[in-house]
Structure formats: C-alpha cells, structure tokens
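There are 4 protein chains.
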Amino acid sequence: MSATPTTTPARAGRPRSERARLAVLEAAADLLIEGGLAAATIEAVAARAGVSKVTIYKWWPTRGSVAIDAYFHRFKETIEFADSGDLAADLTAQIALLVEAFRGRAGVVMAELIGLAQSDPVLAATLRQRWLEPRRAASAAVLRRAVERGQIRPDTDIAALLDQLYAPLYYRLTMGHEPLDRALAPTLVRTVLEGVRPR
Amino acid sequence: MSATPTTTPARAGRPRSERARLAVLEAAADLLIEGGLAAATIEAVAARAGVSKVTIYKWWPTRGSVAIDAYFHRFKETIEFADSGDLAADLTAQIALLVEAFRGRAGVVMAELIGLAQSDPVLAATLRQRWLEPRRAASAAVLRRAVERGQIRPDTDIAALLDQLYAPLYYRLTMGHEPLDRALAPTLVRTVLEGVRPR
Amino acid sequence: MSATPTTTPARAGRPRSERARLAVLEAAADLLIEGGLAAATIEAVAARAGVSKVTIYKWWPTRGSVAIDAYFHRFKETIEFADSGDLAADLTAQIALLVEAFRGRAGVVMAELIGLAQSDPVLAATLRQRWLEPRRAASAAVLRRAVERGQIRPDTDIAALLDQLYAPLYYRLTMGHEPLDRALAPTLVRTVLEGVRPR
Amino acid sequence: MSATPTTTPARAGRPRSERARLAVLEAAADLLIEGGLAAATIEAVAARAGVSKVTIYKWWPTRGSVAIDAYFHRFKETIEFADSGDLAADLTAQIALLVEAFRGRAGVVMAELIGLAQSDPVLAATLRQRWLEPRRAASAAVLRRAVERGQIRPDTDIAALLDQLYAPLYYRLTMGHEPLDRALAPTLVRTVLEGVRPR
DNA sequence: AAGTAATCGAGACGGTACGTCCGGTCTTCCT
DNA sequence: AGGAAGACCGGACGTACCGTCTCGATTACTT
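Protein chains in written order, with my numbering: chain R, 36 to 234; chain F, 36 to 234; chain D, 36 to 234; chain W, 36 to 234.
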C-alpha cells in the first residue's frame, strides 16, 4: 500500500548469496590460472569454493560461462582509448596493450576460452558480447573519426580493417606459429595505413 | 648390423591392417561431419569402424590426431598457387579459395580442430605442421618473389604480412563476429598493398 | 498490545494453518496412491500442496510421518470388533477384514510403509503405536475373554497366538510368495484353534 | 574343427575379474554389518572395494542386488533339515535355527532387505527365489511326509501352515512389537499341531 | 611344417566428471 | 509467530568416455 520508492524488487525467498557468487568466481579464476581451463571443472570449482554443484548449475548454464565470468572478474581490463588525433600512435598503443595482455597467463586462458567456444555456442556468444564487441566498437569509433578527418579513405571497409589490425593477435595466440612480440603492433598499423607497395 | 638388401623393412609379425586404418578414417570423417568434433569420440569411432579401441590408440596418440587425419583424408585440399606475376590477383585467388573452403562444413570442423588444439599440444603441433606451414610457405614464396620483383618494399615483415592476409579468415571462422563473405579476399589484399591512407 | 479476549490458549503469533495441514495430507495421500511411497517425496508433497518444505518439516519429523498420517487420513479403517461369543467366527471376521483391506491399493502402501520403517525408527514406532497396537489390543481382549470363558487353554501365549493369526497376512503382503486370498482367514483360525493333528 | 569338449565357453575379450567380484561382495557385506543397508551405497561399496562404480553397475542392476548377493556371500546359512520322524522336534529345531539367525546382525540386515524389497521388485523377486523358496520347499517336504505318515490331517493347507510357523518370525523382525525370544519356536509348533482349544 | 611375433576383435576395468535428485537447513519478506 | 518462497550444502545417483588391461584368434615372416 505504501509507496515503495526503493528500486529493490524485494522478492520473496532467501536472496542469492553474494558470498557464494564471489567464492565461485575466485575459485574458478584461481583454477584457470593454475591449471588452465581443463582444471576448472564444475566439480573442482565447487569443491574449492565450498559451494555445492547445484548452486553453480543454478546460476551458470555451462562450464564456459563460469570460466568467462571468472576471467572477467579477475582480468578486468580497461578499454581506454586515447583519441589524440595521431591515428597511427593511437592504434598502435591500443594494439600493443592487447599484445601485452595476451603475452601473460591471461592470453593462455583466453586462447582456451576461444577453444571451448568452438563447441559451446553460449560461450561463443558471451565471448563476442562481453569481450569482442566492446573492443571493436571502441576501435571502430576511432577509425570512423579518422575517416571524418580525412586520414582514411572514405570507402574503407571498417570491419575488415579491424580484422587486419586485431586478427593477427588472436591468430598467433591460438595457432602459435609465431611469437606475440612487442614489435608487432607498429608493423600491423604501418602496413594497413601505408600499404606495402613501394612509393 | 647385417646388411638389409630388401627395400621393405620386412618386419616380422602380422603387418598393420590397411582395412582397419581406412575404416577408422572413414568413420571418424563421417562422425565429424554429422555431429562435429564432439561426436568423434574414440569410442564412437571404434564402434562405427568395427575396430577395437586399442587399435586406434596403437596408431594415433590422441583424439585430435584421429580427427585431423580424418579431416585430411576427407577434405584433401590442394595448395596450388598460381604465380602469374600479378601479385594482387594471385593473392586474392588464393585467399578466396580458403574463404570458400571455410564457408562449408569443413570450416566448422576446422574451427573445432583449432578449438581442441588449445588444450591438446600434439594436435596443435600437427595442425601447424600439416595444415598451416605448407600454406604459409607457399604464400611466403610468392611474397618473397614479389620483393625481388620490386612489387613490395624490401623491408617488409613477411610473417606479419601473411598474418594480415590470412588471420582475418581464421578470426571470423572462430569468433563468428562477421560472416566469411566472398568480397573479403580482394578487400584484404587491396588494403595491405595500397594502405588506407588517401593518396 | 491489544487485549485478546478470545478463550483460546492465546498463544502469541499466527496460529497453525489448518489449511496447510490438510493440503499436505491430501497431497501426500494422492501421491501415495498414484506413485507409491517413492513418489511421496517431501519436495513433491510440498509442491503439490502449495506449501513450503519448512512448514512440513515443522510439523512432521520425517517423510514416513507424513506418509503414515496421510495414510490414516485417507484410509480411516475402523477396528470394530464384534464379540459375539463365537470365537472362531469373530476372529475370522476380523482377519477377513484386514485381508480385504490389504488386497487393494492400501495394502501396497502399507507394505511400503513397513518397508520404509526398516530404516526409519520414528516411522517404525509410529506404525506400531498407531496401527499395530490398537489392533492387537482389541484382538487380545477377545482372546483373553475366550480364556475366561474356557474356550482357549489358560496357558496360551496370547502374543504368539496373535502373531500366528495376523503375521501371515503381513508376510504375504511383504514377501508376495503367496496371494492374499479370501479363504485364508478361516484356515488360519481353524488351525490355531484345532491344530493340524488328526483327532 | 577340433572337438572342444571343455565346458568353458571361451568367450572373446577380457574375462570378468573374479577379484573385483569378491572385493565388491566383501566390501558390501562389511558395510551392511557396520552401518546397515543405508551405508551400503554403490558409491561406498565401490570406494571400499577399490572397484569402479561402472563395474558394479555392469554386474548388478540395483543396490539391492549387490546387498543380497553380499548377504548370501557372508551369511551362507545351510538349510539342513533333519527329518527324524519326530515332527514337532524337527520343526522346532528348524524354526529355532532361524530365530537364532535373526537375533544377530543378520536379522537386522534381512529386515532392511525386506524393507528395500517393498520398493524394488527385482530385489523382491531375488529374495523370494534365493532365500524364501528354498526354505519353504524344504519345510514343505517335511510337512508332506508328515501327511503321508498320518501325523497331519490330509486336508491341511501346507502353504498356510508354513506361514503360521514362519511368518511370526518375520513379523516380529520387521515390526519389532515383540522380541524374537528363543521360547518362540516350540510355542509356535505346539499351537499349530495341537491347537489352543482345551481338550 | 612348425615356430615366432606383431596385430586384431572383443570387452572388462579403474577413474574422472558429468548433470540431476532429494534431504535438511537457512534466510528473507509477508501476513 | 507462522508461513511461502526459495537459495544453499551435502550426498548419492546413473552415465559417458577415457586410456589401460587381458584374452583368444589371425596373419605374416623365419627357421
């Protein structure tokens, strides 16, 4: 009867345990780092978190969901994007950041998540929505502004351009045919901006 | 020790059954196509091939090995590479071929193989040696000749260039954020050759 | 706070919901009949009765308690016992009544209750107190009067005699080695009264 | 080609491990005695026997099957039946033997098996076939010979008579309303032979 | 022709993890 | 103070594959 201006829905029943949620994410993140995705079984996460399996299944549909939440919980990387006007520098800086991230444990885990996503559509979608799309959106905005400034030809296929800048990182991460060295970022940027034809 | 004049090693004992080898590859390929990598269980392959599990373990170290052999057994793609002198056309043709291959069932299976390789080092190595490296070697040769002809700047990082041409295909295949459409090949080639800066 | 002029013991708080009690018993009885004791899970009863599990645990200690209460709620059999003086007829009538009861759905449920009682001491005690003892007391009274009347030898072990009259019903019910046919009652009575030796 | 007069079927594949079979039975029997039927979970038996769950499920359909096999493996009671011609003595001896068996741990386990059989038809059937029927057959033979000797009236219902002799033991065992004391056997026998009517 | 040796099929086995069910306990809000 | 809702831990369930292990049968080469 009385107006409830509070935003809380005030549902009946025992509320979800924040303690359990955090314990799961911490345990999963630990296991991911220690033994990779293979070690982050539901069973192991439950045991380590001191949480029952059912509780995990209640809130996460698949193993991949837990893993990706744990990944974001632990490696909350920022997508800060300087837009100084110096296009080459801005792009290089951003790509170099990702190279740096992929060179550590986080890179291995990301590779395994991508691997699992090949047989887990839910994980694939989550990975796109929570990881890929925000980064692509930020980079795309920079590129679009570059078009407006006349730094890039207006008929450029932005999506393809993004792929040519970022795909090599994921490619090397997942295939391992070449190391992810720090010199890569400027090379990639220079090629797409200048082309490789002699002038 | 003793001279073995025979060309064949002529080992004693029952020779390996070619029948069993083929049955395994056919069964695995069928399962790969029908239900993806997840369906190509050692157990399932053995049952379908009418072969005992031990026989499979005897000749293939891991599930991935069987799968990749079955993949090559079924999809024996050629790496023909025209070197007409028209660099843009040659590259585009080759990339377009891979795009075409990845648009079908083989693409899905390849994505799953890459996925499994993230947790199976043996498979990862096999994938690099039998799939990736031959293709990269062929393309690298073309690019090196282009350098010699003066079509490409001599200080170009060939490895990075290859990645910028091919990685987008694998990236779209595994992440699914953009479709693998046929217009992609010329776009990729044009960008790396010309750059995106206005002239 | 406010005076409670009601005559009730006037305990504080909300009184026990008769609605809930009945809903539980009805739901449990329905489940017992439909799927046997195995179906009468606390969980299932709560769901069907629209009652919370805690409410059930609050008023009944174990699953068996709920079941047996539901049993009595549904099958409220009378222990009417004619004492006409014709001992054989009186005993036969009473035993026949129980045979009849055990031949239906109630028999199956009773068997399952006895079954559960083997691993649930509370249920076992309840079963004895609310089911067995009243019946035994009634029959024992008849037998004791028969002793007084000189129809039965005074040194007779009444407890053992009761067992020889009634145990066969439970035995056949639980073991199922012989059917519970209607001819059983007079046979049992005749044997214990006359013996099987030829005269 | 050669005649194989041996009785061994010589089936292909690894033969069943007798070691595993015995380990399961011993472990189950131990658990039955220590903690009753409730303790003899498949999981616990497997762990204690050092045997995998699958192996148990392969050879025994239900928990009850394992338990009853373990019961017979441990308490291999003989159904020796003296037929001396003194009917009362023979029956009493046999019943007393069963009373004695039921007074120990074996009695509790048997009660629990009967309990479980109420919700496990396979177990119920096994119990009848491997426990009940052999004993009834032996006793029935004695009674039939007594009929032939004229010690029992020829119109006697043997099945009902067996129930009146043995059912009280199971009844007291499962209901617990009276103790299973040693004086029971002669009382039961005397009643059915002589009847309780005064002469 | 007999012996030797590697292979094959069948299938049993220990082990790990899966996803589900139910039992009891708890916490919160509503009446 | 009940009671409904529902989250939680724990334990067991039955199943799927894994990779290993016996078996008996088969098939070549060697003596």
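Note that CB positions come from ideal geometry on N, CA and C, so glycine has one too.
Below 8 Å, enough C-beta pairs join the segment 58-75 of chain F and the segment 90-102 of chain F to call them touching: three or more.
Using a Cβ-Cβ cut-off of 9 Å, residue 198 of chain D counts as an interface residue toward chain W, since at least one Cβ of chain W sits closer than that to its own. Taking 7 Å as the cut-off between beta carbons, none of the residues of the segment 88-121 of chain F comes near chain R. Secondary structure of residue 110 of chain R (DSSP, three-state): coil. Secondary structure note for residue 115 of chain W: it is in no alpha helix (DSSP H), with a DSSP letter that is neither H nor E. Closest option to residue 120 of chain R, judged by alpha-carbon separation, among R:128, R:57, R:113: R:128.
With distances taken between CA atoms, residue 133 of chain D lies nearest to D:167 out of D:151, D:167, D:156, D:109. If you draw a straight line from the Cα of residue 96 of chain R to the Cα of residue 78 of chain R, it comes to about 14 Å.
Under the three-state reduction of DSSP, residue 199 of chain R is assigned to helix.
Contact between residue 150 of chain W and residue 150 of chain D holds, with the beta-carbon distance rounding to 4 Å and staying under 8 Å. In the DSSP assignment, residue 169 of chain R falls within the unbroken alpha helix (DSSP H) covering 168-184.
Across the set F:202, F:209, F:214, the C-alpha of F:202 shows the shortest separation from the C-alpha of residue 223 of chain F.
Here residue 148 of chain F carries a helix assignment [DSSP, helix/strand/coil]. Only those residues of the segment 154-188 of chain F whose C-beta falls short of 8 Å from the nearest C-beta of chain R are listed: 154, 159, 162, 163, 167, 168, 171, 185, 186, 187, 188. The beta carbons of residue 227 of chain R and residue 196 of chain R sit closer together than 9 Å. Taking a Cβ-Cβ threshold of 7 Å, none of the residues of chain R is close to residue 59 of chain F; the smallest such distance is about 22 Å. The alpha carbon of residue 85 of chain D has as its nearest neighbour, out of D:93, D:94, D:72, D:59, the alpha carbon of D:59. Across the segment 121-150 of chain W, CB contacts with chain D closer than 8 Å involve 146, 147, 149, 150, in sequence order along the chain. In the structure shown, the three-state DSSP call for residue 153 of chain F is coil. With 16 or more other CB atoms across the displayed protein chains lying within 10 angstroms of its CB, residue 171 of chain W is buried. For residue 221 of chain R, same chain residues with a beta-carbon under 7 Å away, outside a window of 5 residues either side, are 127 in chain order. Nearest CB-CB separation between residue 76 of chain R and chain F: not below the 9 Å threshold. The beta carbon of residue 230 of chain F falls within 9 Å of a beta carbon belonging to chain R, placing the residue at that interface. Counting every other CB atom within 10 Å of its CB across the protein chains shown gives residue 70 of chain W a total below 16, marking it as exposed. In chain order, 199, 226, 227, 230, 231 make up the part of chain W whose C-beta sits under 8 Å from the C-beta of residue 227 of chain D. Taking a Cβ-Cβ cut-off of 8 Å, the neighbours of residue 211 of chain R in chain F comprise 159, 163, given in sequence order.
In the structure shown, the three-state DSSP call for residue 213 of chain F is coil. The closest CA to that of residue 48 of chain W, considering only F:89, F:164, F:180, F:219, is found on F:89. Residue 110 of chain W is a Cβ neighbour of residue 141 of chain W, given a cutoff of 9 Å. Beyond the five residues adjoining it in sequence on each side, residue 187 of chain D comes within less than 6 Å, by CB distance, of 181 in the same chain, given in chain order. Looking at the backbone, the Cα of residue 52 of chain R and that of residue 108 of chain R are separated by about 17 Å. At least 9 Å separates the beta-carbon of residue 68 of chain W from that of residue 177 of chain W.
With respect to the 9 Å criterion, residue 94 of chain R and residue 54 of chain R are not classified as neighbours on the basis of their beta carbons. The beta carbon of residue 189 of chain W sits closer than 8 Å to the beta carbons of 182 from its chain, once the five residues preceding and following it are set aside; these are given in chain order. Membership of residue 222 of chain R in the alpha helix (DSSP H) is indicated by the continuous run 219-229.
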